[in-house]
Each structure stands twice: as structure tokens, then as C-alpha cells.
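Input: a single structure, listed below in C-alpha cells.
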Amino acid sequence: MLNFKELEIIPEIRESLEDLGFENPMPVQEQAIPILLNGDKDFIGLAQTGTGKTAAFGIPILQHIDLQSNKTQALVLSPTRELCIQIARDIESFAKHMKGVKVLPVYGGSSIETQIRGLKRGAHVVVATPGRMLDLIRRKQTNFSSVKIAVLDEADEMLNMGFRDELDGILAETPDTKRTWLFSATMPREIKDISSRYMHDPQEITIGTRNTASKNITHMYFVVSNSSRYQILKRIVDYYPGVYGIVFCRTRRSTQEVADNLIQDGYNADALHGDLSQAQRDYVMQKFRRKNLNILVATDVAARGLDVNDLTHVINYELPDEPEIYIHRSGRTGRAMKSGISISLVGPKRRHAISRFEKKAGTRFERGKVPTGNDVCEKQLFDLIDRVEKAEVNEELIEKYLPDIYKKFEGLERDELIKHFVSLEFNRFLNYYKDARDLEIKDSASFSAAKGKAKGRGGSFAPTRKGDARFFINIGKTDKLTVPKLIGILKEVTRNRNIPIGKIDILKNFSFFEVKQEHTDLLLRSFKKAFYKGRKLNVELSKKPGTKPAKKVRTVKVRKS
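Heads up: the sequence shown is residues 5 to 565, going by the numbering used here.
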């Protein structure tokens with residue numbers, strides 16, 4: 005294995021790396037840095053999240069900068085503001101001993117005027133989220149004529165979030181002579197499209213096996229009903245003492261609800277999602293990094309900037325729609341040669357998707373049996389005993405207290421003393437689970453539930469949450485519609501990236517989605533006649549069979565993705 009001293013890195017950057025304690029490059033760095041230092045090729049790096057990609061492109065970027073010029077020479081695009089901020093900080097730390105390097109993070113949720121002033125003052129490296137960057141381009145506040153390098157970090161995630169149009173608009177503003185470096189955990193079709201459009205004969209490296217999950221991770225799924233989903237989540241968390249993990253939810257609302265319920269039930273948990281302010285998100289992430297939280301309930305987008313190496317568990321509150329998203333999530337555990345467990349709570353209707361996920365991830369998923377109350381109590385009890393057995397005893401500190409302690413316990417036999425001790429520490433679990441019902445769904449129940457699919461527009465007409473309006477749209481799985489794509493359509497239609505979207509059901513030929521009722525008029529008012537991928541869209545309020553539509557059916561045009 006090489007060390008950083010053997011790579012052709014300038015002394016100023018090497019000194020910064022030594023300050024940071026970097027000695028040996030990680031695999032993606034060892035393979036990518038020599039190629040990118042040469043700087044004459046487009047590049048694709050396929051590697052999981054948390055493998056050291058920022059240094060892999062950040063170090064070569066700094067080495068290619070001409071400090072005699074104050075113009076922007078490198079543009080890095082990342083999916084979220086958290087990741088944008090982290091990348092900018094990392095590049096600044098690599099440039100600690102390079103005089104005059106200016107790195108500017110540009111992202112939504114912060115003053116655009118301040119960012120415009122930063123661009124006018126000059127920044128050698130701009131790290132940006134796609135939405136804010138395109139906004140600045142449309143305001144004619146950017147000058148990318150001197151950009152030599154464009155980096156797309158977490159490219160698959162940016163596409164999952166619906167940023168294809170933004171990426172096209174931004175890259176069109178950069179010189180044709182630039183080099184494009186693309187980093188991604190997976191290689192879906194959209195990534196290949198971008199590669200063929202914006203890159204010329206790119207050199208590609210793959211760290212690990214392409215589009216597959218880490219071999220250090222145990223993959224499990226539990227079949228659950230919607231009514232028992234939260235109770236089974238608690239049962240699983242209780243079954244794994246010392247859990248330190250992330251629970252992924254689909255929407256901001258469900259994220260907050262699950263976190264609130266866990267907190268109310270006495271768990272050391274908190275929520276991380278886009279409705280929080282930047283200061284709130286930073287505070288929650290800091291608590292989690294410091295292990296002041298055991299459980300973080302998060303959306304995919306909000307968790308992108310969180311980099312933690314020793315998670316024990318990743319739990320999917322619902323199975324995501326795409327295997328690539330699952331691979332991203334599960335890759336947050338089992339890092340740095342440690343083992344991890346990835347768990348998915350799967351509704352009966354989605355059991356068939358497991359084989360597709362197994363094939364894409366290149367691994368087997370074990371079906372878990374929901375722990376019984378007795379299972380949980382036994383696991384917690386023996387974990388307590390193990391911790392007592394392995395506890396370090398500081399003889400010097402406790403010696404002066406021992407005579408009084410021995411005297412206090414002199415009337416208790418050994419067996420009685422153990423019973424008292426266990427009861428004191430363990431009564432909460434015993435009382436809670438003594439009459440706990442079996443939450444395991446039997447196969448017959450699973451298949452029965454799976455048959456209850458909605459038939460036509462009348463099926464599943466009622467919103468799942470109070471205050472929601474439920475809509476029908478005439479595209480579904482046969483149109484290759486996914487939840488991220490539908491969210492992108494809705495946000496483009498309303499021109500509002502913050503519209504609160506509730507439950508989404510993607511069916512074979514059509515789909516349902518929910519939004520808060522107060523946004524119904526905005527949603528329908530935004531619709532105009534148009535087409536999606538050559539097909540006329542039909543959107544209406546979902547209604548009970550036999551009743552008249554609550555609103556006039558309208559059509560909508562969205563740009564092709």
C-alpha cells in the first residue's frame with residue numbers, strides 16, 4: 005500500500021494531510037489521486053459513501069489551482085447543504101498551508117446576497133448544491149469561463165432527488181475544455197446518460213463491487229403491517245442493546261412522527277429532516293456524532309451530510325423504492341472493517357421486491373422473526389449480566405465504601421442479592437413485555453394482505469393522515485415512475501421544493517400521492533395542459549367510488565427527465 009508521501013502531492017498539501025493525521029490513502033484515494041493529478045482525463049469513480057471520496061478529488065483540485073488568478077477554477081456539485089458544507093470544510097483543511105486559496109460553499113437556506121458577494125470577491129473552488137447554483141446562474145451572478153474541473157459528487161443521489169435539469173443547466177455554463185470528475189455509489193442509466201453527454205472517454209475505477217452492498221453487513225427484513233410497524237420498530241431496537249443507528253423514513257412528516265413517538269416512549273432519539281433550520285440540523289448531527297443520541301430518525305436527503313463510521317444498525321422504516329437507495333443507506337453501517345446490520349420493515353405487498361434488492365445488492369436478505377417479549381427480555385437481561393461481568397473495577401475509588409456496602413447486604417444470600425440487583429435494573433422491560441403480544445405476521449396473513457390491492461381509482465381513496473388530500477395520477481410502474489421521480493414532478497409543477505408531500509403509492513398503471521389540504525388549490529392551480537414523456541398526464545382528487553370528482557380534472561406538463 006502506498007502512503008501519501010509516495011503520491012506526487014505538493015509539500016503544502018502533504019503538510020496539511022500530516023496535520024490531519026492522514027498517513028495511508030484509502031483505496032479510492034490511492035487509485036483516483038494519481039489519475040486526477042495528471043488532470044488530462046474525464047473520470048468516473050464508483051465507491052460507496054464514506055470511503056474517502058472528498059480527499060480523492062479535493063487534493064487534485066487544489067494542486068491544479070492557479071493561485072495567480074482569482075477566478076473560479078473548480079466547481080463541485082453535491083446533493084445537500086450538509087454535504088456541501090462538509091466538502092468545503094475538508095478542502096479548506098487540505099489547503100491549510102497553501103496561501104490564498106479561497107473555497108466558497110453555496111447552498112439554499114443561507115443568504116444568497118452573502119454568496120453573491122463571495123462570488124464577486126473571487127473563489128478558486130465553489131462547492132454548491134444544484135438548486136442554489138442554478139438560481140445564481142439565472143441571476144447572472146456567476147462566471148465559470150475559467151473552470152478547469154467540474155466534480156459531480158454523489159451523482160446518483162442528485163439524480164434521485166430530481167436534479168437532472170439543474171445539472172444540465174449548470175454544466176452547460178462551463179467550458180467544453182473542462183475535465184468532469186463524477187463520483188457515485190451506483191451506476192444507474194441516468195448516470196450513463198450524463199457520462200455520454202458531458203464526458204469524453206472517461207477513465208473509470210470501481211472500489212468494491214459495482215452497485216453491491218458491503219460484505220460486512222448482515223441484511224435482514226421483517227414483514228410488518230402498517231398498524232404494527234412502529235411497535236415492531238421498538239421491539240427490534242429493544243432486542244439490540246447498545247444500538248447506535250439511523251432509522252430512515254420516506255417523508256419529513258413521518259420522520260418527525262417516528263422520532264416524537266420514540267422520545268415519548270423513553271428512547272434517546274431525535275429527528276433530522278429538511279423542515280429543521282440549518283442550526284437545528286447541525287445541533288442534531290453533532291449530538292449524534294458524539295453519541296449523545298442512540299437513534300437518529302432521518303430522511304435520505306437530510307442524512308447525506310452525516311458521516312459516521314461506527315453505526316451498528318441502519319433501519320429502513322419502509323423499504324425504499326429503488327435498490328440503489330437501499331445500498332446507499334445500508335452502506336452507512338459496516339464501515340472501517342466493522343460489522344453492521346441493515347434491517348428493513350416490509351409490508352406484505354412489497355415482499356416480492358426483496359428478490360430484486362438481493363440481485364442488485366449482490367447478497368442474500370435474511371427474513372427475521374419479530375422478537376417476542378420474552379426474546380427481548382432475555383436479550384436485555386444477558387446483556388446486563390455481560391456488562392456487569394466485564395465492568396472495570398477501580399478498587400482504590402470504591403474501597404472506602406465497601407465496608408458499609410457489605411454491612412448493608414449482610415442479611416441477603418447470594419441468590420437473593422442477584423435477584424434484587426437484576427430486578428432493580430430490569431423491571432422496566434419485564435413489566436412492559438410481560439403481556440406483550442406476538443407481532444409476527446404469518447405467511448397466510450401476508451398473502452391475504454397482498455391481495456388487497458386497490459382496483460381502479462376508487463381503491464384507497466381515503467388519505468392515510470388527517471388533513472391530507474389524496475390525488476390520482478395516471479402514470480405508474482409501467483412508466484418507470486418512482487417515488488423520487490414523482491416528487492420531482494410535483495415540485496416542478498408547483499415550483500415549490502418545500503411542498504409537504506405525504507404518502508405515495510406507486511401502482512402498476514397509476515399512482516396516488518398526498519399533500520396537506522391547504523396546498524390543494526396551489527397544486528391544482530399550477531396545472532396546465534401538457535405531457536410527460538409524450539404522454540398526457542391526468543391528475544385529479546381521489547374520490548370514493550360512485551361520487552363526483554371534488555375538483556375538475558386538469559392536465560399538467562412537466563419537462564422530460
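All C-beta atoms in this analysis are idealised placements derived from N, C-alpha and C, irrespective of residue type, glycine included.
Computed from a prediction, not measured in an experiment: that's the story for all the values here.
1. Just how far apart, CA to CA, sit residue 162 and residue 439?
2. Who are the near neighbours of residue 508 in its chain, counting only those whose CB is closer than 8 Å to its CB and skipping five residues on each side?
3. Can you tell me where the alpha helix (DSSP H) with residue 162 in it begins and where it stops?
4. Could you name the residues of the same chain whose beta carbon sits closer than 7 Å to that of residue 109, not counting the 5 residues immediately before and after it, in chain order?
5. Would you call the CB atoms of residue 352 and residue 240 closer than 8 Å?
6. When the distance is taken between beta carbons, is residue 19 closer than 8 Å to residue 101?
7. By DSSP, does residue 506 sit in helix, in strand, or in coil?
8. If I follow the unbroken alpha helix (DSSP H) through residue 471, where does it start and stop?
9. What are the complete alpha helix (DSSP H) segments, minimum 4 residues, inside the stretch 289–373?
10. With burial defined as no fewer than 16 other Cβ atoms inside 10 Å of the residue's Cβ, what is the status of residue 274: buried or exposed?
11. Can you tell me whether residue 409 is buried or exposed, with buried defined as 16 or more other CB within 10 angstroms of its CB?
12. Looking only at its chain, what residues have a beta carbon closer than 8 Å to the beta carbon of residue 211, apart from the 5 residues adjacent to it on each side?
13. Is DSSP giving residue 376 helix, strand or coil here?
14. Count the other C-beta atoms from every protein chain shown that fall within 10 angstroms of the C-beta of residue 326, then say buried if there are 16 or more, exposed otherwise.
15. Where does residue 224 sit, in a helix, a strand or coil, going by DSSP?
16. Say whether the stretch 111–121 touches the stretch 343–361, bearing in mind that this needs 3 or more beta-carbon pairs closer than 8 Å, one atom from each stretch.
17. How long is the line joining the alpha carbons of residue 139 and residue 386, rounded to whole angstroms?
18. State whether the stretch 321–335 contacts the stretch 178–186, with contact taken as three or more CB pairs (one from each stretch) at a distance under 8 Å.
19. Quick one: what does DSSP say residue 206 is sitting in, helix, strand or coil?
20. Please report the Cβ distance between residue 369 and residue 204, rounded to the nearest whole angstrom; I am assuming they are in contact, meaning their Cβ atoms lie under 8 Å.
21. Please give me, in chain order, every unbroken run of the alpha helix (DSSP H) with length at least 4 that falls completely inside the stretch 85–164.
22. Could you compute how far the alpha carbon of residue 357 sits from the alpha carbon of residue 304?
23. Do you know offhand how far residue 362's Cα is from residue 355's?
24. Between 371, 422, 372, which has its C-alpha nearest residue 393's C-alpha?
25. Assuming residue 320 contacts residue 252 under a Cβ cut-off of 8 Å, what Cβ separation, rounded to an integer in Å, is found between them?
26. Is it the case that the stretch 231–250 contacts the stretch 371–383, given that we only count it when at least three CB pairs across the two stretches are under 8 Å?
27. In this structure, what does DSSP give as the bridge partners for residue 520?
28. Nearest to residue 156 by alpha carbon, out of 297, 46, 268, 435?
29. With a 10 Å radius around its C-beta and 16 neighbouring C-beta atoms as the bar for buried, classify residue 442 as buried or exposed.
30. Whose CA, out of 86, 105, 57, lies closest to the CA of residue 74?
31. Could you pull out every residue in the same chain whose Cβ sits closer than 8 Å to the Cβ of residue 512, ignoring the five residues on either side in sequence?
32. Between residue 128 and residue 37, how many whole angstroms is the CB-CB distance? I'm expecting something under 8 Å.
33. If you draw a straight line from the alpha carbon of residue 40 to that of residue 152, how long is it in whole angstroms?
34. Residue range of the alpha helix (DSSP H) that residue 233 falls in?
35. Going by alpha carbons, who is nearest to residue 433 out of 412, 245, 148?
36. Following the continuous beta strand (DSSP E) through residue 250, name the residue where it begins and the one where it ends.
Straight from the coordinates:
1. The residue labelled residue 162 in the question sits at position 158 within the sequence shown. The residue labelled residue 439 in the question sits at position 435 within the sequence shown. Cα-Cα distance, rounded: 47 Å.
2. As a working mapping, residue 508 is identified with position 504 in the sequence shown. Within the same chain, residue 508 has close Cβ partners 254, 487, 490, 491, 515, 516, 517, 518.
3. Here residue 162 corresponds to residue number 158 of the sequence shown, with the count starting at 1. Here the alpha helix (DSSP H) through residue 162 covers 159–164.
4. Position 105 of the sequence shown, counted from the start, is the residue given in the question as residue 109. Setting aside the 5 residues that flank it on each side, residue 109 is surrounded in the same chain by 88, 89, 92, 131, each with a C-beta closer than 7 Å to its C-beta; the list follows chain order.
5. Locating residue 352 in the sequence shown gives position 348, counting from the first residue. Locating residue 240 in the sequence shown gives position 236, counting from the first residue. Contact flag unset, no.
6. For this step, residue 101 is matched to residue 97 along the sequence shown. For this step, residue 19 is matched to residue 15 along the sequence shown. Yes, the pair counts as a contact, with Cβ atoms nearer than the cut-off.
7. Locating residue 506 in the sequence shown gives position 502, where the first residue counts as 1. Three-state result, residue 506: strand.
8. Taking the sequence shown and counting its residues from 1, the one referred to as residue 471 is at position 467. Per DSSP, residue 471 belongs to no alpha helix (DSSP H) and is neither H nor E.
9. When DSSP assignments are scanned along the stretch 289–373, the uninterrupted stretches of alpha helix (DSSP H) that are 4 or more residues long and fall wholly within it turn out to be 304–307, 327–334, 357–365.
10. Reading the sequence shown from its first residue, position 270 is the one you call residue 274. Answer is buried; the Cβ neighbour count reaches 16.
11. As a position in the sequence shown, residue 409 is number 405, starting the count at 1. So residue 409 ends up on the exposed side.
12. Position 207 of the sequence shown holds residue 211. Closer than 8 Å at Cβ, skipping near neighbours: 31, 32, 35, 49, 50, 51, 52, 55.
13. The count along the sequence shown starts at 1 and reaches residue 376 at position 372. Residue 376 falls in the coil class under three-state DSSP.
14. On the sequence shown, residue 326 is found 322 positions in, with the first residue counted as 1. Counting Cβ neighbours within 10 Å, residue 326 comes out buried, since at least 16 surround it.
15. Looking up residue 224 in the sequence shown gives position 220. Residue 224 falls in the strand class under three-state DSSP.
16. Judged by Cβ distances under 8 Å, the stretch 111–121 makes no contact with the stretch 343–361, as fewer than three pairs qualify.
17. As a first step, residue 139 is located in the sequence shown; it is residue number 135 there, counting from the start. As a first step, residue 386 is located in the sequence shown; it is residue number 382 there, counting from the start. Cα-Cα distance, rounded: 57 Å.
18. No contact exists between the stretch 321–335 and the stretch 178–186.
19. As a working note, residue 206 is residue 202 in the sequence shown. In the structure shown, the three-state DSSP call for residue 206 is coil.
20. Sequence index remark: in the sequence shown, residue 369 carries index 365 (1-based). Sequence index remark: in the sequence shown, residue 204 carries index 200 (1-based). The C-beta separation of residue 369 from residue 204 comes to about 40 Å, leaving the pair out of contact by the 8 Å criterion.
21. 85–98, 116–125, 134–142, 159–164, all fully within the stretch 85–164.
22. The count along the sequence shown starts at 1 and reaches residue 357 at position 353. The count along the sequence shown starts at 1 and reaches residue 304 at position 300. If I take the Cα positions, the gap works out to 20 Å.
23. One-based indexing of the sequence shown puts residue 362 at position 358. One-based indexing of the sequence shown puts residue 355 at position 351. Distance from the CA atom of residue 362 to the CA atom of residue 355, rounded to whole angstroms, is 12 Å.
24. The residue you call residue 393 lines up with position 389 of the sequence shown. The option with the nearest alpha carbon to residue 393 is 422.
25. Position 316 of the sequence shown, counted from the start, is the residue given in the question as residue 320. Position 248 of the sequence shown, counted from the start, is the residue given in the question as residue 252. Contact flag correct, Cβ pair sits at about 5 Å.
26. Yes: the two stretches touch, three or more of their Cβ pairs being nearer than 8 Å.
27. One-based indexing of the sequence shown puts residue 520 at position 516. Residue pairing by DSSP places residue 520 opposite 472 in a beta bridge.
28. Here residue 156 refers to the residue found at position 152 when the sequence shown is read from its first residue. It is 46.
29. On the sequence shown, position 438 is the one that residue 442 refers to. Result: exposed.
30. Here residue 74 refers to the residue found at position 70 of the sequence shown. Out of 86, 105, 57, 105 has the C-alpha closest to the C-alpha of residue 74.
31. Position 508 of the sequence shown, counting from 1, holds the residue named residue 512. Cβ-Cβ distances below 8 Å link residue 512 to 480, 481, 482 in the same chain, with the five nearest sequence neighbours on each side left out; the list follows chain order.
32. Numbered from 1 along the sequence shown, position 124 holds the residue referred to as residue 128. Numbered from 1 along the sequence shown, position 33 holds the residue referred to as residue 37. At roughly 19 Å, the Cβ-Cβ gap does not stay under 8 Å, so residue 128 and residue 37 are not in contact.
33. Within the sequence shown, the letter at position 36 stands for residue 40. Within the sequence shown, the letter at position 148 stands for residue 152. It is roughly 12 Å from the alpha-carbon of residue 40 to the alpha-carbon of residue 152.
34. Position 229 of the sequence shown, counted from the first residue, corresponds to residue 233. It spans 233–243 - the alpha helix (DSSP H) in which residue 233 sits, taken as one unbroken run.
35. Along the sequence shown, one-based indexing puts residue 433 at 429. Selected option, being the one with the closest Cα: 245.
36. As a working mapping, residue 250 is identified with position 246 in the sequence shown. Taken as a continuous stretch (DSSP letters only), the beta strand (DSSP E) holding residue 250 covers 249–252.
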